[in-house]
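Beneath this line is the structure, given in structure tokens, with notes to follow.
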Amino acid sequence: MYRYTDFDAAFVATRNAQFRAQVERRIDGSLTEDEFKPLRLMNGLYLQLHAYMLRVAIPYGTLNSAQLRQLAYIAERWDKGYGHFTTRQNIQFNWPKLRDVPDMLDALAEVQMHAIQTSGNTIRNVTADHFAGAAADEIADPRPVAELIRQWSTDHPEFQFLPRKFKIAVTGSPNDRAVTKAHDIGLRMIRNDAGKPGFEVIVGGGLGRTPVIGKIVRDFLPEADLLPYLEAVVSVWNLLGRRDNKYKSRIKITVHEHGIDDIRARVEDRFALLRPAFSGVDQQLFAQIKSDFAPPAFEDRDTAPFDQAYEQDSVFRSWADTNLSDHRAPGHAIAQISLKAHGATPGDASADQMRVMADLAARYGHDELRISHEQNIVLPHVHKADLPAIHAALKEAGLATANIGRISDIIACPGMDYCALATARSIPIAQEIATRFDQLKLEHEVGDLKIKISGCINACGHHHVGHIGVLGLDRAGVESYQITLGGDHTENAAIGQRTGPGFAADEIVPAIERIVDTYLSERLSADEAFIDTFARVGMTPFKTALYGENDKRAKAA
Amino acid sequence: MTVLINDTGFLTTDPTRWIDPEARIDLPPDTDPARLRCLLIGKELVRIAFPGFADGRGFTLARMIRQQGYKGWLRAHGHVIADQYAMIRRSGFDDVEIDDDLAARQPEEQWLSRADWQAHDYQSRLRGRAA
Ligand code: SF4
């Protein structure tokens, strides 16, 4: 894992002192509210519906047990005893007081964490594959790249007042778990025909009110050109991006308005101009960063305890079947801890739960944890022999829900419960859907199915790329939920299609049930996942189930 | 009236007062970057306008002007706040010109507290040479 250099530590300390002074200068009137706003945003402090919210970066989703314990401490000391993990590998504290925030930032700095550029019109916290360094299918670990970008983008003098926010994601695996095609810039680590490492650069993807799948702007960028090339892209957009309308300011609109070829030409021009400013020292730093991410020493042990538990304990077996993924080292697994207990708020963890997970990581997991964009916690390196003990400890803490990738593993944005922009509730809808399918005992029968819910068209819940997407709108003061089907967040990225008119809050769960029933009756076999059935049969049977022949379900039952 | 600010604080005389009017140019934030080279021929003082402090185009324009080899005076003019002073200097500006009201609200010591703009700078660390 990356350890702060003296430079990083001094930077964060100075930055925190500056923010402390900014809070005071806001109070004494030196700063107007308008001027204070972007300054607090670039330090992660957001104003929500009921209170301030502090969004803390978990760079590329990686943290150690001491860091997670400190998050637990912060949750108890300055918040209501819990934290909310987001779809962008951040943790949010929903109830801090303005005067406490500088102390919270200092507490974060003690464990080499910060809230810098988690908000505002800046380059945001860089995200990466949450299985980085562990996945069996990985070509290269994307985290050193993400860390290099973190350092370059932090306090970048040219890019603190951009037209709008700017998000970068990196993946080192052909199976894209970082949703790179839905970011302002997506980077896929590849090798060219000569075997040289580099990147495919995707630009202009994004969800929000105008969902767009990103386009390739450079099909092979040599590794050493990364920072100057990123700088060229952001620099071109900083001048060209629209500042007259915040809904048209993201780079996806700039690319749409000017065309990808025009953008590519401008970027190459700018790149040629600024490339000489980089002497190559960034590559030396990059090499040091890489050595920080050297893999842990994996043990060679007997997996018999796992095999026995798998055979004898059906609860353990079902958890192992859903929550484990292939690890590159023999005898090991990647274990996911679901923060989606049926009926709970997706992504929330209490301070006590954080401590349990931190202890497990310290004891069994080479002291590493990850946050996934699906709002779950990952123990990336565990030996299979330890899994029965891990499972038992999770069960005791209410963390052993066996539903990763299942219908109740829902991504939901904060919605009306917290967010000032919301037009509808989203957390309660997620809770109702999860509870309903748990009652029906259909979850495992249904298999891989991703539901994603947003509480307004800003799409923080990524509903466009959910197999089933739900968007909560306000129709003349009444919540109305629009459904999309067929979205995909993987390397086959696709935007879901609308089914038709929306559903009232009390109709949405039955509507989801009808969609699932249709899938179950249409699928060729249990091996055909929802997304594949949808690709094969199309929208019609689902439409009929939702809007036509209302008694069809009764007949089938 | 306006106030000029650099690393030494609020200035009482304008260091560019000797520069001929023809050698001065004011650039708006929407200046076409492709025209910069022509616009700068024979210029010794370039002032870039910041109509609002949240409009960050001036930072990129300044950087580009320096990257194209301009060695003359570069001034940020308009709504720039003390918190942006380090960014201003790191982008290649020499000084800042703000109006009296803002100077009264954000007095000299708030600007001086950012005069150490060369410290804690990731960019100089990553580039190894001046941008
Ligand atoms: S999608 Fe809308 S309601 Fe949900 S968090 Fe984003 S802005 Fe708020």
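These protein sequence lines map, in sequence, to chains A and B. When you line the first sequence up against the working numbering, it's residues 746 to 1302, in that order. When you line the second sequence up against the working numbering, it's residues 605 to 735, in that order. Beta carbons are placed, not taken as given, at the ideal position from N, Cα and C, and that holds for glycine.
Is residue i near the ligand ATP, going by C-beta to nearest heavy atom under 8 Å?
i: residue 1203 (chain A); result: The model depicted lacks the ligand ATP and carries the ligand SF4 instead.
Could one say the Cβ of residue i lies closer than 9 Å to chain A's Cβ atoms, at least one of them?
i: residue 731 (chain B); result: yes
i: residue 686 (chain B); result: yes
i: residue 735 (chain B); result: With a pLDDT of 46 at residue 735 (chain B), under the threshold of 50, the predicted position of this residue should be treated as unreliable, though the coordinate-derived value follows. Yes, contact with chain A.
i: residue 623 (chain B); result: no
i: residue 660 (chain B); result: yes
i: residue 605 (chain B); result: no
i: residue 692 (chain B); result: yes
i: residue 700 (chain B); result: no
i: residue 695 (chain B); result: yes
Name the chain B residues that come within less than 7 Å of residue i, Cβ to Cβ?
i: residue 901 (chain A); result: 727
i: residue 780 (chain A); result: 657 and 685
i: residue 966 (chain A); result: Residues of chain B passing the Cβ test: none, with the nearest at roughly 17 Å.
i: residue 843 (chain A); result: Chain B residues near residue 843 (chain A): none, gap ~17 Å exceeds 7 Å.
i: residue 896 (chain A); result: 726 and 730
i: residue 752 (chain A); result: 729
Just checking my contact of residue i with residue j at CB under 8 Å: how many whole Å lie between their CB atoms?
i: residue 694 (chain B); j: residue 1024 (chain A); result: Rounded, the Cβ-Cβ distance is 17 Å, inconsistent with contact.
i: residue 1153 (chain A); j: residue 1179 (chain A); result: 4 Å
i: residue 1182 (chain A); j: residue 1129 (chain A); result: No, residue 1182 (chain A) and residue 1129 (chain A) are not in contact; Cβ-Cβ is about 29 Å, not under 8 Å.
i: residue 909 (chain A); j: residue 916 (chain A); result: Contact doesn't hold; Cβ gap of about 23 Å is too wide.
i: residue 934 (chain A); j: residue 885 (chain A); result: 5 Å
i: residue 839 (chain A); j: residue 801 (chain A); result: That pair is no contact at about 12 Å.
i: residue 1037 (chain A); j: residue 748 (chain A); result: 6 Å
i: residue 775 (chain A); j: residue 688 (chain B); result: 14 Å between Cβ atoms; not a contact.
Please confirm whether residue i has its beta-carbon closer than 9 Å to some beta-carbon of chain B.
i: residue 891 (chain A); result: no
i: residue 766 (chain A); result: yes
i: residue 823 (chain A); result: no
i: residue 774 (chain A); result: yes
i: residue 1022 (chain A); result: yes
i: residue 1349 (chain A); result: There is no way to answer for residue 1349 (chain A), as the model of chain A reaches only from 746 to 1302.
i: residue 763 (chain A); result: yes
i: residue 904 (chain A); result: yes
i: residue 840 (chain A); result: no
i: residue 876 (chain A); result: no
i: residue 853 (chain A); result: no
i: residue 1015 (chain A); result: yes
i: residue 944 (chain A); result: no
i: residue 770 (chain A); result: yes
i: residue 1018 (chain A); result: yes
i: residue 759 (chain A); result: yes
Could you work out which residues of chain B lie near residue i, taking near to mean beta carbons separated by less than 9 Å?
i: residue 755 (chain A); result: 723 and 724
Applying a beta-carbon distance threshold of less than 7 Å, which residues of chain A neighbour residue i?
i: residue 637 (chain B); result: 984
List the residues of chain A that residue i touches, going by C-beta distances under 9 Å, in chain order.
i: residue 709 (chain B); result: 774, 775, 776 and 777
Give the residues of chain B in contact with residue i, contact being defined as C-beta atoms less than 8 Å apart.
i: residue 1180 (chain A); result: The contacting residues do not exist; residue 1180 (chain A) stays about 44 Å from chain B at best.
i: residue 972 (chain A); result: 730
Given 8 Å, three or more beta-carbon pairs between the stretch 683-702 of chain B and the stretch 605-624 of chain B: Flag = yes, the stretch 683-702 of chain B and the stretch 605-624 of chain B touch.
Three or more C-beta pairs closer than 8 Å, one from the stretch 1228-1246 of chain A and one from the stretch 1272-1288 of chain A: is that the case here? yes
Just by C-beta distance, which residues in the stretch 782-795 of chain A are closer than 8 Å to chain B? 783 and 784
Give the residues from the stretch 644-670 of chain B that approach chain A closer than 8 Å (Cβ to any Cβ), ordered along the chain. 657, 658, 659, 660, 661, 663, 664, 665, 667 and 668
Using Cβ-Cβ distances below 7 Å, what residues of the stretch 978-1005 of chain A are close to chain B? 980, 983, 984 and 988
Counting Cβ pairs closer than 8 Å, one from the stretch 788-806 of chain A and one from the stretch 869-887 of chain A, do we hit at least three? yes
Under 8 Å, CB to CB, which of the residues in the stretch 1024-1057 of chain A have a partner in chain B? For the stretch 1024-1057 of chain A, the set of positions with a beta-carbon nearer than 8 Å to some beta-carbon of chain B reads 1024, 1025, 1026, 1027 and 1030 in chain order.
Is there contact between the stretch 1206-1225 of chain A and the stretch 1266-1273 of chain A, where contact requires at least three CB pairs shorter than 8 Å? no
Can you give me, in chain order, the residues of the stretch 855-873 of chain A that have a beta carbon less than 9 Å from any beta carbon in chain B? Going along the stretch 855-873 of chain A in chain order, one finds 866 with a Cβ nearer than 9 Å to chain B.
Short-range partners of chain B found in the stretch 907-941 of chain A, where Cβ spacing is below 7 Å: Look at the stretch 907-941 of chain A: the residues with a C-beta under 7 Å from a C-beta of chain B are 907.
Contact between the stretch 1137-1149 of chain A and the stretch 1061-1079 of chain A (3+ Cβ pairs under 8 Å): yes
The stretch 1157-1176 of chain A contacting the stretch 1199-1208 of chain A, beta-carbon criterion three pairs below 8 Å: yes
Assess contact between the stretch 958-970 of chain A and the stretch 937-950 of chain A, defined as three or more Cβ pairs (one per stretch) separated by less than 8 Å. Is contact present? yes
Does the stretch 968-980 of chain A touch the stretch 1003-1022 of chain A, meaning 3 or more C-beta pairs lie closer than 8 Å? yes
Report yes or no: do the stretch 922-932 of chain A and the stretch 706-721 of chain B share at least 3 C-beta pairs separated by less than 8 Å? no
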